[in-house]
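Q: Residue 3 is where the sequence shown starts when you use the working numbering, and the numbers rise one by one after that.
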Amino acid sequence: RIDVPAEPATQPAILQRAIEVDPPRRTQLLRHLVETSDWPAVLVFVATTYATEHVAEKLRKAGIAAAALHGELSQGARTRALADFKAGKIRVLLATDVAARGLDIVKLPAVVNYDLPRSPADYVHRIGRTGRAGESGTAISFVSAVTHAHFQHIEKRNRLAIPREQVPGFEPVEHDAPPPSTGGVKGKRPNKKDKLRAKLAAASGQAAPTPVPAAPPRPATPKPATAAPSEPPRELFPLTPRLPFRPRPRLR
Numbered sequence: 003r004i005d006v007p008a009e010p011a012t013q014p015a016i017l018q019r020a021i022e023v024d025p026p027r028r029t030q031l032l033r034h035l036v037e038t039s040d041w042p043a044v045l046v047f048v049a050t051t052y053a054t055e056h057v058a059e060k061l062r063k064a065g066i067a068a069a070a071l072h073g074e075l076s077q078g079a080r081t082r083a084l085a086d087f088k089a090g091k092i093r094v095l096l097a098t099d100v101a102a103r104g105l106d107i108v109k110l111p112a113v114v115n116y117d118l119p120r121s122p123a124d125y126v127h128r129i130g131r132t133g134r135a136g137e138s139g140t141a142i143s144f145v146s147a148v149t150h151a152h153f154q155h156i157e158k159r160n161r162l163a164i165p166r167e168q169v170p171g172f173e174p175v176e177h178d179a180p181p182p183s184t185g186g187v188k189g190k191r192p193n194k195k196d197k198l199r200a201k202l203a204a205a206s207g208q209a210a211p212t213p214v215p216a217a218p219p220r221p222a223t224p225k226p227a228t229a230a231p232s233e234p235p236r237e238l239f240p241l242t243p244r245l246p247f248r249p250r251p252r253l254r
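1) Quick one: what does DSSP say Ser-138 is sitting in, helix, strand or coil?
2) Identify which residue in Phe-87, Asp-99, Thr-98 and Asp-117 has its Cα closest to the Cα of Ile-107.
3) Take Lys-60 and list the residues in its own chain whose beta-carbon comes closer than 6 Å to its own, dropping the five residues that flank it on each side.
4) Any idea if Tyr-52 is buried or exposed, counting beta-carbon neighbours within 10 angstroms, 16 or more meaning buried?
5) Distance, Cα to Cα, Val-169 vs Pro-221?
6) Going residue by residue through the segment 46–80, where are the continuous beta strand (DSSP E) segments of at least 3 residues, counting only ones entirely within it?
7) On the criterion of 16 or more Cβ atoms from any shown chain inside 10 Å, does Ser-143 qualify as buried, or is it exposed?
8) Within 10 Å of its beta-carbon, does Gly-186 have 16 or more other beta-carbons around it, so buried, or fewer, so exposed?
9) Which word fits Asn-115, buried or exposed, when buried means at least 16 other C-beta atoms lie within 10 angstroms of its C-beta?
10) Only counting the same chain, and skipping five residues up and downstream in sequence, which positions put a Cβ closer than 8 Å to that of Arg-166?
11) Chain C beta carbons: is any one of them nearer than 8 Å to that of Ala-70?
Here you go:
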């Protein structure tokens with residue numbers, strides 16, 4: 003029996019970066035990174051189908067060859083977009099997690115998390131698209147004040163400590179998100195709709211609307227006292243005594 007020592011597994015050389023930026027300026031920052039970097043191709047992960055088409059259209063207007071890859075495209079459209087991306091006809095491919103499953107691109111230099119993944123495991127799968135076959139790669143994540151806590155959770159689960167960066171000209175101006183409320187006065191606590199509106203407003207960079215407190219209960223109106231009747235009520239239809247029955251005499 004001859005024992006062959008196993009070769010040590012080589013860790014992919016992936017440079018992980020976290021750039022702080024406000025959500026409304028992510029598309030401008032993405033355009034800046036593509037224009038100032040020597041990436042021949044970059045895979046950008048977004049959260050929704052609408053975002054893939056919207057951001058791709060913004061990049062195309064800026065003169066950058068971009069395409070969207072999502073589940074609502076036909077099989078032919080997805081195959082054509084992926085083939086153009088591998089052939090170098092498209093420089094930026096914006097994809098959702100569902101559409102990017104099983105995606106294998108050789109020598110992909112960069113991956114950008116335009117929207118953070120939902121789970122730490124998805125983060126590992128995303129950045130694993132680059133740095134394959136001994137090649138080096140770069141994985142960039144956009145972090146805002148709203149998603150800061152979620153990115154810390156991703157770092158903790160994956161045992162990472164990624165320093166935060168700021169690109170000149172794209173420094174965030176939003177403050178840290180307020181901590182969640184653990185209690186309050188009954189009737190003034192935000193309900194589910196208020197929390198959803200605040201979450202949507204924070205994602206769009208707008209101020210959250212102040213929940214309207216519940217109106218206080220109206221005092222009961224006392225009923226007026228009824229005066230005692232001075233005389234007994236009269237009957238509307240008095241009963242008359244019935245007369246005894248008397249048969250009619252027969253005529254002869």
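Using N, Cα and C, we set each Cβ at its ideal position, and we do this for glycine too.
A: Let's see:
1) Indexing the sequence shown from 1 puts residue 138 at position 136. Ser-138: strand per DSSP, three-state reduction.
2) Sequence index remark: in the sequence shown, residue 107 carries index 105 (1-based). When only C-alpha atoms are compared, the closest one is Phe-87.
3) Working through the sequence shown from its first residue, we reach residue 60 at position 58. These residues qualify, in order along the chain: Thr-29.
4) Position 50 of the sequence shown holds residue 52. When all chains shown are included, Tyr-52 counts as exposed.
5) Walking along the sequence shown from the start, residue 169 turns up at place 167. Walking along the sequence shown from the start, residue 221 turns up at place 219. The straight-line gap from Cα to Cα measures roughly 60 Å.
6) 68–71
7) The sequence position of residue 143 within the sequence shown is 141, counting from 1. Counting Cβ neighbours within 10 Å, Ser-143 comes out buried, since at least 16 surround it.
8) Here residue 186 corresponds to residue number 184 of the sequence shown, with the count starting at 1. Low confidence applies to Gly-186: its pLDDT is 45, below 50, so where it sits in the model is not reliable enough to give any reading.
9) Sequence index remark: in the sequence shown, residue 115 carries index 113 (1-based). With 16 or more other Cβ atoms within 10 Å, it is buried.
10) If you number the sequence shown from 1, residue 166 lands on position 164. The answer, listed in chain order, is Ala-20, Ile-21, Glu-22 and Val-145.
11) Reference to chain C is not applicable here, since this structure consists of a single protein chain.
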